[in-house]
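My numbering runs 197 ahead of the 1-based position in the sequence shown. First up is the structure itself, then whatever we jot down about it.
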Amino acid sequence: MTESSRPPAAGVPFDPRAVLAGRPPGRTPAAFIVGTAVTAACAIVALGIDAVQSLVAGDGAAPFALALPLALLPVPLLVAVVLWMDRLEPEPRGNLAFAFGWGAGIAALTALIVNTADLEYVTMPALGASTGEYVAATFGAPVVEETLKGLVLIGLLWRRRAEFDGPADGVIYAAMVGLGFAMIENVGYYINALITPERGGIALLGYTFVLRGVVSPLLHPIFTSMTGLGVAYAAGRARGGKWAVGLGLLAAMVLHGTWNGLSLYGTAGLVAGYLIMSCVLVALILVLVADRRRVIGLIRRYLPDYEHTGLVTRDDIRMLASLRGRARARAWARASGGLPANAAMSDYQLAATELALARAKADRGVLDFNAFAARERSLLNLMAVARRAFTRRVPRGAEITPAPWAASASAFTPVDSSS
């Protein structure tokens with residue numbers, strides 16, 4: 198029996214988040230708290246280095262004060278886009294926040310130190326200013342940055358392998374790492390644009406912001422998604438598959454190096470780079486769409502086996518296999534029982550999805566019999582608790598509208614609120 202399948206100790210409340218994440222209930226892992234604190238501290242140090250750079254240049258704090266909000270400006274929208282893509286089987290928000298923090302903190306700070314040292318003490322002294330800068334940007338920085346960003350994905354594969362249910366999860370985690378990294382990196386780029394008046398000053402800042410913050414804010418997520426796909430492939434195999442992690446990391450470095458190399462060739466290079474990255478982005482979108490269809494197919498394939506439990510009906514399966522149906526169900530629950538019922542409906546939907554994914558892993562041999570049995574038991578228990586929560590607020594015998602996903606009212610049986 199795994200820790201997550203054991204009943205909670207006396208006095209410990211039932212924790213749906215713990216069940217879904219497969220961790221012990223009632224506590225946040227100490228390693229997660231420490232890791233989050235470390236990533237936040239590293240991000241602050243990285244920003245402090247940028248602020249010092251602004252002061253040393255003799256321009257005061259103004260460049261930093263202008264660069265920071267510009268770097269932050271597109272982040273909420275970009276994170277919202279990533280979360281929107283992650284609607285069918287959303288990853289734990291804590292894991293996503295940690296991935297973002299790793300990119301903005303540990304990865305960004307370490308890359309800043311290593312890249313600067315490489316440029317100042319290796320490539321430029323050996324090759325000259327112009328050639329050294331080109332070599333560092335094209336061959337050095339991609340290796341350093343993609344390795345550092347990829348480490349958190351490899352760590353998740355090692356410690357939280359079960360979170361990767363398919364290629365979409367690899368892309369989602371990689372996107373969060375990339376967005377965090379790009380946010381901190383952009384602060385430095387915007388400061389450099391402002392403190393080099395011979396290159397344009399404010400005019401160069403506007404160009405840099407449009408280039409990095411408006412036209413190409415997804416570059417780092419695109420690069421690191423290659424590593425994410427490799428990690429997701431390895432996580433989906435009972436044995437072997439580790440080669441995919443190395444291949445994905447190599448692909449991330451090549452894409453990153455290609456972009457940096459082409460961008461130094463002026464407009465023609467930028468156009469070529471954008472065409473390549475646009476093709477990769479389209480390919481990633483197709484991967485996300487295909488994986489969503491795969492998960493829906495698993496729901497339709499495996500959940501009918503649980504109809505005998507009374508926790509899922511044919512109408513429920515039809516609802517679970519549609520994003521629109523899921524949204525209507527949550528809206529119905531919210532209208533019937535408020536935010537608690539809406540949360541319970543979300544728990545029910547995610548638990549049912551996780552159950553189908555666990556069955557698929559068991560069939561592939563990724564989960565052994567005991568691990569699957571424990572996971573199945575905990576998810577069915579959560580489905581029962583959640584279903585009771587979003588039905589109990591409707592008084593028995595009341596005139597109600599059937600659940601929106603139901604062909605008839607038989608799919609929704611009110612539970613006495615006193616039960």
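Each residue gets a CB set at the ideal place from its N, CA and C atoms; glycine is no exception.
Rounded straight-line distance, which links the Cα of residue j to that of residue i
{"i": "Asp-362", "j": "Ala-557", "result": "9 Å"}
{"i": "Val-374", "j": "Thr-455", "result": "20 Å"}
{"i": "Arg-490", "j": "Asn-539", "result": "25 Å"}
{"i": "Asp-565", "j": "Val-451", "result": "37 Å"}
{"i": "Ala-371", "j": "Ser-422", "result": "5 Å"}
{"i": "Gly-425", "j": "Glu-382", "result": "20 Å"}
{"i": "Gly-410", "j": "Ile-392", "result": "19 Å"}
{"i": "Val-623", "j": "Arg-511", "result": "Nothing can be reported for residue 623, as the shown portion of the chain is limited to 198 through 616."}
{"i": "Arg-521", "j": "Gly-535", "result": "20 Å"}
{"i": "Ala-254", "j": "Leu-579", "result": "58 Å"}
{"i": "Val-368", "j": "Leu-481", "result": "8 Å"}
{"i": "Ala-238", "j": "Leu-508", "result": "45 Å"}
{"i": "Arg-284", "j": "Thr-225", "result": "24 Å"}
{"i": "Ser-630", "j": "Ile-310", "result": "Any answer about residue 630 is impossible in this case: the structure gives the chain only from 198 up to 616."}
{"i": "Gly-352", "j": "Arg-561", "result": "23 Å"}
{"i": "Met-282", "j": "Asp-488", "result": "11 Å"}
{"i": "Pro-339", "j": "Ala-234", "result": "27 Å"}
{"i": "Ala-207", "j": "Pro-221", "result": "Reliability of the predicted coordinates at Ala-207 is poor, the pLDDT of 43 falling under 50, and the value obtained from them is presented with this limitation in mind. Taking the straight line joining both Cα atoms gives about 14 Å."}
{"i": "Ala-549", "j": "Phe-295", "result": "25 Å"}
{"i": "Ile-514", "j": "Thr-506", "result": "14 Å"}
{"i": "Ala-559", "j": "Val-231", "result": "33 Å"}
Unbroken alpha helix (DSSP H) run spanning residue i, endpoints
{"i": "Ala-553", "result": "520 to 561"}
{"i": "Val-582", "result": "566 to 588"}
{"i": "Val-242", "result": "227 to 253"}
{"i": "Leu-472", "result": "463 to 499"}
{"i": "Gly-184", "result": "Any property of residue 184 remains undetermined from this structure, which presents the chain solely from 198 to 616."}
{"i": "Tyr-503", "result": "Per DSSP, Tyr-503 belongs to no alpha helix (DSSP H) and is neither H nor E."}
{"i": "Leu-269", "result": "259 to 269"}
{"i": "Gly-219", "result": "Taken as a continuous stretch (DSSP letters only), Gly-219 belongs to no alpha helix (DSSP H), as it is neither H nor E."}
{"i": "Trp-456", "result": "439 to 460"}
{"i": "Val-407", "result": "Looking at the DSSP string, Val-407 is not in any alpha helix (DSSP H), and its letter there is neither H nor E."}
{"i": "Leu-280", "result": "272 to 282"}
{"i": "Ile-514", "result": "511 to 517"}
Of the residues the options, the one placed nearest residue i, counting alpha carbons only
{"i": "Thr-313", "options": "Ala-333, Leu-481, Thr-328 and Ala-248", "result": "Ala-333"}
{"i": "Gln-546", "options": "Phe-587, Thr-506, Gly-337 and Leu-376", "result": "Phe-587"}
{"i": "Asn-389", "options": "Leu-353, Ile-246, Leu-577 and Met-542", "result": "Ile-246"}
{"i": "Tyr-386", "options": "Ala-372, Leu-401 and Arg-290", "result": "Leu-401"}
{"i": "Thr-307", "options": "Val-242, Ala-254 and Gly-535", "result": "Val-242"}
{"i": "Gly-445", "options": "Leu-350, Val-479, Asp-502 and Val-384", "result": "Leu-350"}
{"i": "Val-319", "options": "Gly-337, Asp-513, Ala-304 and Ile-230", "result": "Gly-337"}
{"i": "His-417", "options": "Ala-305, Ser-251 and Thr-550", "result": "Ala-305"}
{"i": "Ile-419", "options": "Val-407, Val-428 and Leu-376", "result": "Leu-376"}
{"i": "Leu-415", "options": "Val-276, Val-249 and Tyr-430", "result": "Val-276"}
{"i": "Leu-354", "options": "Gly-427, Ala-259, Leu-269 and Trp-299", "result": "Gly-427"}
{"i": "Leu-267", "options": "Met-380, His-453 and Pro-289", "result": "Met-380"}
{"i": "Lys-618", "options": "Gly-329, Gly-325 and Trp-299", "result": "Lying outside 198 to 616, the shown extent of the chain, residue 618 is not represented and no answer is given."}
{"i": "Leu-217", "options": "Pro-271, Arg-515, Arg-290 and Phe-295", "result": "Arg-290"}
{"i": "Glu-360", "options": "Trp-602, Gly-219 and Val-492", "result": "Gly-219"}
{"i": "Met-474", "options": "Ala-448, Ser-251, Tyr-499 and Leu-244", "result": "Ala-448"}
{"i": "Leu-378", "options": "Tyr-331, Asp-315 and Thr-344", "result": "Inspection of the sequence shows that residue 378 is occupied by Phe rather than by Leu. Selected option, being the one with the closest Cα: Thr-344."}
{"i": "Phe-406", "options": "Phe-229, Ala-432 and Leu-263", "result": "Leu-263"}
{"i": "Asp-502", "options": "Ala-553, Leu-467, Ile-399 and Ala-559", "result": "Ala-553"}
{"i": "Glu-342", "options": "Ala-301, Ile-493 and Gly-398", "result": "Ala-301"}
Residue environment, residue i, which counts as buried when at least 16 other CB atoms sit within 10 Å
{"i": "Asn-292", "result": "buried"}
{"i": "Cys-476", "result": "exposed"}
{"i": "Glu-504", "result": "exposed"}
{"i": "Ser-327", "result": "exposed"}
{"i": "Ala-600", "result": "buried"}
{"i": "Val-384", "result": "buried"}
{"i": "Arg-523", "result": "buried"}
{"i": "Arg-572", "result": "buried"}
{"i": "Gly-594", "result": "Caution is warranted here: a pLDDT of 43 is assigned to Gly-594, below 50, making its placement in the model unreliable, and no coordinate value can be reported."}
{"i": "Ile-303", "result": "buried"}
{"i": "Ile-496", "result": "buried"}
{"i": "Asn-457", "result": "buried"}
{"i": "Tyr-462", "result": "exposed"}
{"i": "Gly-470", "result": "buried"}
{"i": "Arg-358", "result": "exposed"}
{"i": "Ala-532", "result": "exposed"}
{"i": "Tyr-499", "result": "buried"}
{"i": "Glu-317", "result": "exposed"}
is_contact[residue i, chain B] using C-beta, thresh 7 Å
{"i": "Val-411", "result": "This model lacks chain B altogether; it includes just one protein chain."}
*Where are the alpha helix (DSSP H) runs, 4 residues long or more, that stay fully inside the segment 293 to 368, in chain order?*
305 to 315, 321 to 324, 326 to 332 and 338 to 356
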